[in-house]
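**Q** Structure provided below as structure tokens; questions to follow.
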Amino acid sequence: MATNNELLDDVIFAARSGDLDDLKNANPIADYFVTKNDMGNTALHMASANGHEEVVAWMVEKLAESKGDQLKAAVNVQNEEGNTPLHWGALNGHLAVVEILVKNGADCKIKNKMGKTPIYEAQQRTHEKVAEFFLATMIDEEPDEPVDEDEQFVENGYQKQ
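Everything in the sequence shown is counted per full-length UniProt numbering, starting at 1 for the first residue and increasing by one.
Here it is in structure tokens:
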């Protein structure tokens with residue numbers, strides 16, 4: 001029987017190497033995906049950094065089942081340098097990983113200890129598709145076009161006078 005530290009090491013190694021079968025066979029509780037090792041990284045950091053989208057998707061699914069409303073906090077876990085899994089995915093240009101993380105609450109505006117956001121990391125490394133995704137995501141947060149208050153007033157069932 002593996003100790004907690006051995007299991008954590010196995011989970012992090014499987015995530016880093018992208019071995020979804022080994023990860024599933026380890027049968028860890030979801031907390032292991034966001035538990036920091038001696039270097040301050042998590043399994044989610046490792047899978048994200050290495051672009052293992054299937055592993056990231058599976059871990060995020062298990063975290064969602066386990067954490068519920070706390071999923072956003074879980075996917076935004078920071079290592080000792082303040083990097084989130086999204087920082088690592090963006091830094092290394094792994095668009096599919098970035099999309100999964102953002103869809104599940106990862107915050108592209110979190111700054112690491114150097115003051116860098118995941119958006120900055122993607123731009124610095126010229127990962128254009130990742131940077132464009134972030135920009136599109138941020139634009140989607142804003143209304144597509146200005147709201148015509150008179151039109152909105154009528155659509156809500158009120159009469160213009």
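All C-beta atoms, glycine included, are put in the ideal place defined by N, C-alpha and C.
Treat the numbers as computed from the prediction; the structure is a model and nothing was measured.
Return the chain-ordered list of same chain residues with a C-beta closer than 7 Å to the C-beta of N92, the five sequence neighbours on each side being excluded.
**A** A49, G51
**Q** Where does T126 land, buried or exposed, given buried means 16+ other C-beta within 10 angstroms?
**A** With a 10 Å radius around the Cβ and a threshold of 16 neighbouring Cβ atoms, T126 comes out exposed.
**Q** Using the rule of at least 16 other Cβ atoms within 10 Å of the residue's Cβ for burial, across every protein chain shown, is I119 buried or exposed?
**A** buried
**Q** Can you name the start and end residues of the alpha helix (DSSP H) that R16 belongs to?
**A** 4-17
**Q** Suppose the cutoff is 7 Å on Cβ atoms and the five residues either side in sequence are ignored; what does the same chain contact list for V55 look like?
**A** A15, G18, L20, L23, A47
**Q** Can you check the UniProt repeat "ANK" (39-65) for any alpha helix (DSSP H) of at least 4 residues that lies completely inside it and give the ranges in chain order?
**A** 43-49
**Q** Expressed to the nearest angstrom, what Euclidean distance is found between the alpha-carbon atoms of H94 and T117?
**A** 15 Å
**Q** Within the same chain, show all residues whose beta-carbon is closer than 7 Å to that of L135, passing over the 5 residues directly before and after it, in chain order.
**A** none
**Q** Please classify H127: does DSSP put it in a helix, a strand, or coil?
**A** coil
**Q** Looking at the ligand ZN, does it come within less than 7 Å of T42, judged from the CB to the closest heavy atom?
**A** Ligands are entirely absent from the displayed structure, and the ligand ZN is therefore not among its contents.
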